[in-house]
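Single-structure report; data block below.
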Amino acid sequence: MQLSPLDAELVALSRDHLPPLVLGMARIGACLVWVPYLAPGVMPAKMTRTVVAVMVLIGLWPSTVGTAAGFPQDMLAMGGALLREVLIGTAMGVVVALPFHIFHAMGAIVDNQRGAGVGAMLDPVSGMEATELANLLQLMSVVVFMATGGMIALLEVIQDSYALVPMGGPVSLNLGNLQDFAGTLLAGAVRMALPVLLLLFLVEILLGTLSRFAQQLNPFSISLAIKSLIAFVALFLYLMPTITRQVPLIRDSTDALRLLLPAAQ
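For the sequence shown, the working numbering assigns the number -15 to the initial residue and increments by one for each residue that follows.
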């Protein structure tokens, strides 16, 4: 069957642009799945996430195709390239998403210390049970991040990833640096929750002393209310400056991505 010149041109264009389109969607889609404000729990419609990924790919098309090291010509090589792009996108998503989980972990630690772990509820982001304060702090960090141009920062990280690891280029994942990165974030969560934990520890000492000398008052019956009040007052005075100072640091995700993908240097 003879194709018309227009049909032949369309076939040629699809043959030239389909591989970078598929590979670009693999990297960007794998990254966006990990981002808290674009995760399936927050954005359940797959079509919406696909549209967001396509719009990001269109905006970064010169960076994706212009830095490409070459495209596979057979199905087996294409499968390997897809797996590589998904791996890179997952590393990007981990780098971008883990800082938000600092605040989630901070809220969980504080709630556990004040005895509010029994009030856990469904977290729409992860689909698992989490305490109310953990969900609140994570959503607050997302709001601050987005209000300070967080989507632009995310696009810059994706664009920088193509400069670090061109499409179709070799890549290796440094799991040791990933472990160090996760350990640093966990230490950050404990460090930010430490002032509140110290206050709650002092409250525990005072309640224990009171119960020793005034047992008829039964102070532990009101310990949850007292510790919750003190924790919320401390968070009100301490948390907002911390969030406004720490959340913008998530913009500096390219350096962390360079540590995870050393072959891209």
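All C-beta atoms in this analysis are idealised placements derived from N, C-alpha and C, irrespective of residue type, glycine included. All values derive from a computational prediction rather than experimental measurement.
- Residue burial is scored here from C-beta neighbours: V217 has fewer than 16 other C-beta atoms within 10 angstroms and is therefore classed as exposed.
- When the beta-carbon positions are compared, V40 and I142 come within less than 8 Å of each other.
- Counting along the chain, M31 sits inside the alpha helix (DSSP H) bounded by residues 30 to 43.
- Three or more beta-carbon pairs drawn from the stretch 78 to 96 and the stretch 163 to 173 are found closer than 8 Å, and the two stretches are therefore classed as touching.
- A straight line joining the alpha-carbon of I214 with that of L181 spans about 10 Å.
- For D58, the secondary structure class from DSSP, reduced to helix, strand or coil, is coil.
- Looking only at G77, G8, A81, the smallest Cα-Cα distance to T48 is reached by G8.
- Shown here for A92: same chain residues with a beta carbon closer than 6 Å to its own, the five before and five after excluded, namely T115, A118 in chain order.
- For L219, the closest of P4, L121, A65, L67 by C-alpha to C-alpha distance is L121.
- In this chain, the alpha helix (DSSP H) harbouring M135 covers 134 to 148.
- In this structure, the straight-line span from the alpha carbon of A75 to that of C15 is close to 8 Å.
- A147 and R98 have their alpha carbons spaced roughly 46 Å apart.
- In this structure L184 touches K211 by the C-beta definition: roughly 5 Å separates them, less than 8 Å.
- Rounded to the nearest whole angstrom, the C-alpha separation of M130 and A81 is 13 Å.
- The Cβ-Cβ distance between A65 and G152 falls below 8 Å.
- Remark: C-beta atoms of R33 and L22 approach each other more closely than 8 Å.
- DSSP, reduced to helix, strand and coil, places M224 within a helical segment of the structure shown.
- One thing to note: G13 has its Cβ within 8 Å of the Cβ of G73.
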